[in-house]
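Since the structure comes first, as structure tokens, the remarks are kept for the end.
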Ligand SMILES: [Zn+2]
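Put into structure tokens, the structure is as follows:
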């Protein structure tokens, strides 16, 4: 018996990348190092930046450029900026939804009035 296991490799054809991103670098608070380790907040003990917080990789070391190293304060500023954008987007969406609801409420009110008038007419006619 010849079991020909033929894993038909489906070729991904012309995958769109969903627009061009401005930056490849991750903004905001990092969660993981590129090596897969979870990012941890540490305190700098260098003379240049004493007591300054940074995100680092447990596998990283001073002068190691491969593993994650980024100042926490800079990343927090980015995170806050991004959240501000997100909040203003949500506020805009919320006011649009509120306007929709207000419009629908008016329609419902109008419909109720029309139903009321129709009923009254029925009653007066009958
Ligand atoms: Zn790492």
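In UniProt numbering, the protein residues as written are 1 to 126.
Even for Gly, the Cβ is constructed at its ideal location relative to N, Cα and C.
* According to the neighbour-count rule (16 or more other Cβ atoms, all chains shown, within 10 Å of its Cβ), is residue 39 buried or exposed? -> buried
* Compute the minimum distance between the beta carbon of residue 49 and the heavy atoms of ligand 3, and state whether it is under 8 Å. => Inclusion of ligand 3 in the displayed structure is not the case, the ligand content consisting of ligand 1 alone.
* For residue 98, collect the residues of the same chain with a Cβ closer than 7 Å to its Cβ; drop the 5 residues on either side in sequence, then sort them by chain order. => none
* To do: If I'm right that residue 53 touches residue 43 with Cβ under 8 Å, what's the distance once you round it to whole angstroms?
  => 6 Å
* Asked: Is residue 58 near ligand 1, in the sense that its beta carbon is under 8 Å from a heavy atom of that ligand?
  -> yes
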